[in-house]
Amino acid sequence: MEANDPRKKSWIDIESSSDFSIQNLPFGIFSNNGNPKRVGVAIGDYVLDLAALYDLGFLDLGKYARSHFESEYLNCMMKIGKQGTTELRNRISHLLSTDCDDLKLSTKKDVFLHKQESVTMHLPVEIGDYTDFYSSQDHARNVGTMFRDPDNALLPNWKHIPVGYHGRSSSIVLSGEPIHRPKGQMKPKDQTEPSFGPCKLLDFELEMAFVTFNGKPMGQSISTGEAEDYIFGMVIFNDWSARDIQTWEYVPLGPFLAKNFASSISPWIVTMDALEPFKVAGSNQEPKVFPYLEFDGNKNIDINLEVLIEPEGQEATCVSNSNYKYMYWNYAQQLAHHTINGCPIRVGDMMASGTISGPVPTSYGSMLEISWRGTKPVSMNDGSERKFIQDHDSVIMRAYSEKNGVRVGFGEVNSKVLPAS
Ligand code: MN
């Protein structure tokens, strides 16, 4: 039975509400009991330990050595490429299925299967270059309406180019790692001179990011049709943003210190293979795009997205329900555009979607839009209000796909904001 077959069942008990069904099998890096970092696969409430499975002889695919699975990051394993990780996932799917007794009847389950609550998750990838796109039309229109001209909210290039900028990978951190409110320069409208201090308008951006395999040599391009051969999988991506710093600094070269102080990602990389059944058509692209941006088939993905704000010691409030399918430019177009000039990509590069807003206010992907630049405060369950993110708030993002009774989820990215240091 194929790895994505909805009829496939695991011999491990998995609740139907679990993000980590046997049809998912996302990869991450974990450690437990003081042992070195290893590659794990999430299944139900458990982590499958691939180094332990290798030692027991279950991963003899002829491609992998032990060092691929006892490793600080997934990069080493990912260097084998798409075909390798697909074969690996298929093997794991078989081993965990009711069709196979090898692991089910093993007396060494405590060696290769660990409760998720008993392990520590780590940054899954040594991130090389990080790029952030700006590919949601609803987001771009909202921002253009607020800051420029409601009648010409989209800039003239927007429907021709998947706009993006190069960010900084050194400040991408894992879910659970607290974020300090950044300090910087800002110049609010009611001031004639700039001031310096902790940012006052701290925001999240609801995004998804894809992680790449090694690409082609410099000077060559990856077509939209080839894009999936170069993408390993995706994570949830919170692109923290300091709106007041951004407003003052961004002209003429774009985002800088308003963005590079922190971004937070979820720990499990859900593979493009696992997301395949959830692909859907995107919106019609008019005007017609250049041939290098044309594509065949469905390249949007139906991934439900949710953002919650949790004030310290209080119940969380959901502030957004969006979907990755709302993207105007899809991941294949983003990668094709990124490489059309010959820019090489490398294993572990991370490319974020840009804020994913939907068509209605309850689906907007940032507080900038949800509170409409602070003019529409959001009521929280604890009776307080939010225009932007306050100190000691936690921002929680969740993402999952669901179809034919199969759920493929990402878990969450959950990060607390600490006062400026
Ligand atoms: Mn962003």
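So the number in the numbering used here is just where the residue sits in the sequence shown, counting from 1, plus 45. We treat Cβ as the ideally placed atom computed from N, Cα and C, and that holds for glycine.
I'd like to know if the stretch 134-154 and the stretch 190-207 are in contact, where contact means that at least 3 CB-CB pairs between them fall below 8 Å. no
Keeping to the same chain, check which residues put their C-beta closer than 8 Å to that of E132; ignore five residues upstream and five downstream. If you number the sequence shown from 1, residue 132 lands on position 87. Taking C-beta separations shorter than 8 Å and ignoring five residues to either side along the sequence, the partners of E132 in its chain run L106, K108, following chain order.
Checking the sheet assignment: what are the DSSP bridge partners for M166? Translated into positions along the sequence shown, residue 166 becomes position 121. In DSSP, M166 forms a bridge with F75.
Do you know how far the Cα of L104 is from the Cα of A397? Walking along the sequence shown from the start, residue 397 turns up at place 352. Walking along the sequence shown from the start, residue 104 turns up at place 59. C-alpha separation (whole angstroms): 32 Å.
Let's test the definition: count the other Cβ atoms within 10 Å of the Cβ of V453 and tell me whether it reaches 16, buried, or not, exposed. In the sequence shown, counting from the first residue as 1, residue 453 sits at position 408. Under this definition V453 is a buried residue.
Given P71, which residues of its chain have a CB within under 6 Å of its CB, disregarding the five upstream and five downstream residues? In the sequence shown, counting from the first residue as 1, residue 71 sits at position 26. The residues are A87, W313, I314, V315.
Indicate whether A444 and L353 have their beta-carbon atoms separated by less than 8 Å. Stepping through the sequence shown from its first residue, residue 444 is reached at position 399. Stepping through the sequence shown from its first residue, residue 353 is reached at position 308. The answer is no: Cβ separation not under 8 Å.
Here's the rule: buried if 16 or more other CB atoms are within 10 angstroms of the residue's CB, otherwise exposed. What is D58? Residue 58 sits at position 13 when you count from the first residue of the sequence shown. Exposed, since its Cβ has fewer than 16 Cβ neighbours within 10 Å.
Using 8 Å as the threshold, is the C-beta distance between T269 and A381 below it? In the sequence shown, counting from the first residue as 1, residue 269 sits at position 224. In the sequence shown, counting from the first residue as 1, residue 381 sits at position 336. Yes, these two residues count as a Cβ contact at 8 Å.
Can the beta-carbon of F178 be found closer than 8 Å to that of G229? Counting from 1 along the sequence shown, the entry for residue 178 is found at position 133. Counting from 1 along the sequence shown, the entry for residue 229 is found at position 184. The Cβ-Cβ distance between F178 and G229 does not fall below 8 Å.
Which same chain residues end up closer than 7 Å to G242 when comparing Cβ atoms and leaving out the 5 residues on each side of it in sequence? Taking the first residue of the sequence shown as position 1, residue 242 is located at position 197. Around G242: K228.
Confirm, please, whether the CB-CB distance from I346 to Y369 is below 8 Å. Sequence index remark: in the sequence shown, residue 369 carries index 324 (1-based). Sequence index remark: in the sequence shown, residue 346 carries index 301 (1-based). In this structure, I346 lies closer than 8 Å to Y369 by Cβ.
Compute the Euclidean distance between the alpha carbons of I390 and G73, then round it to the nearest angstrom. Counted from its first residue, the sequence shown places residue 390 at position 345. Counted from its first residue, the sequence shown places residue 73 at position 28. Each residue's Cα considered, the two are about 21 Å apart.
Other residues of its chain near Y91: CB distance less than 7 Å, five sequence neighbours each side excluded: Counting from 1 along the sequence shown, the entry for residue 91 is found at position 46. So the list reads I57, L158, H159, K160, Q161, once near-sequence residues are dropped.
Report the rounded CA-to-CA distance for M191 versus W417, giving the unit in angstroms. As a position in the sequence shown, residue 191 is number 146, starting the count at 1. As a position in the sequence shown, residue 417 is number 372, starting the count at 1. CA-CA distance, M191 to W417, rounds to 8 Å.
Whole-angstrom distance between T152 and Y175, CA atom to CA atom: Here residue 175 refers to the residue found at position 130 when the sequence shown is read from its first residue. Here residue 152 refers to the residue found at position 107 when the sequence shown is read from its first residue. Their backbone Cα atoms lie some 43 Å apart in a straight line.
Can you give the Cα-Cα distance for K261 and K333, rounded to whole angstroms? Sequence index remark: in the sequence shown, residue 261 carries index 216 (1-based). Sequence index remark: in the sequence shown, residue 333 carries index 288 (1-based). Straight-line Cα distance between these residues: approximately 27 Å.
For C363, which beta-bridge partners are listed by DSSP? What you label residue 363 is simply residue 318 of the sequence shown in a count that begins at 1. L353.
Tell me whether A287 counts as near the ligand MN, meaning its Cβ is closer than 7 Å to at least one heavy atom of that ligand. Here the question's residue 287 lines up with position 242 in the sequence shown. Not under cutoff, so the answer is no.
Would you identify the three-state DSSP class for M123, choosing helix, strand or coil? Taking the first residue of the sequence shown as position 1, residue 123 is located at position 78. Of the three classes helix, strand and coil, the one that applies to M123 here is helix, per DSSP.
Are the beta-carbon atoms of F75 and T130 separated by less than 8 Å? Locating residue 75 in the sequence shown gives position 30, where the first residue counts as 1. Locating residue 130 in the sequence shown gives position 85, where the first residue counts as 1. Result no, Cβ atoms of F75 and T130 do not sit closer than 8 Å.
Which residue comes first and which comes last in the beta strand (DSSP E) that contains A254? Within the sequence shown, numbered from 1, the residue matching residue 254 stands at position 209. From DSSP, the beta strand (DSSP E) with A254 extends over 251-257.
Hey, would you say the C-beta of D284 is under 7 Å away from at least one heavy atom of the ligand SAM? Absence of the ligand SAM from the depicted structure is noted, with the ligand MN being the only ligands included.
Count the C-beta pairs between the stretch 428-448 and the stretch 402-414 that are closer than 8 Å, then say yes if the count reaches three, no if not. yes
Would you kindly check if the distance between the Cβ of Y371 and the Cβ of D100 is under 8 Å? Position 55 of the sequence shown, counting from 1, holds the residue named residue 100. Position 326 of the sequence shown, counting from 1, holds the residue named residue 371. No, these two residues do not count as a Cβ contact at 8 Å.
Closer than 7 Å to a non-hydrogen atom of the ligand MN - does that hold for the CB of G299? Counted from its first residue, the sequence shown places residue 299 at position 254. No; taking the cut-off as 7 Å, the Cβ of G299 has no heavy atom of the ligand MN nearer than that.
Would you say P404 reaches chain D, if we count a Cβ-Cβ gap shorter than 8 Å as a contact? Looking for chain D here will not work: only one protein chain is present.
Does the distance between the C-beta of A254 and the nearest non-hydrogen atom of the ligand MN fall short of 7 Å? Reading the sequence shown from its first residue, position 209 is the one you call residue 254. Answer for A254: no, Cβ out of range of the ligand MN.
Beta-bridge partners of L463, as assigned by DSSP: The sequence position of residue 463 within the sequence shown is 418, counting from 1. L463 pairs with H225.
Is N80 helix, strand or coil by DSSP? Position 35 of the sequence shown holds residue 80. In this structure, N80 counts as coil in the three-state DSSP scheme.
Buried or exposed, going by whether 16 or more other CB atoms sit within 10 Å of the CB of L251? Translated into the one-based positions of the sequence shown, residue 251 becomes position 206. Counting Cβ neighbours within 10 Å, L251 comes out buried, since at least 16 surround it.
Through-space distance from E321 to D248, alpha-carbon basis: For the purposes of this step, residue 248 is taken as the residue at position 203 of the sequence shown. For the purposes of this step, residue 321 is taken as the residue at position 276 of the sequence shown. Rounded to whole angstroms, D248 to E321 spans 32 Å at the Cα level.
Cα-Cα separation between E294 and L148, rounded to whole angstroms: Residue numbering aside, residue 294 sits at position 249 when the sequence shown is read from its first letter. Residue numbering aside, residue 148 sits at position 103 when the sequence shown is read from its first letter. Cα-Cα distance, rounded: 56 Å.
DSSP-derived helix/strand/coil call for L298: Residue mapping note: residue 298 aligns to position 253 of the sequence shown, counting from 1. Looking at L298 - three-state DSSP - the assignment turns out to be coil, as it is neither helix nor strand.
For E115, does the count of other Cβ atoms within 10 angstroms reach 16, so buried, or fall short, so exposed? Translated into positions along the sequence shown, residue 115 becomes position 70. Result: buried.
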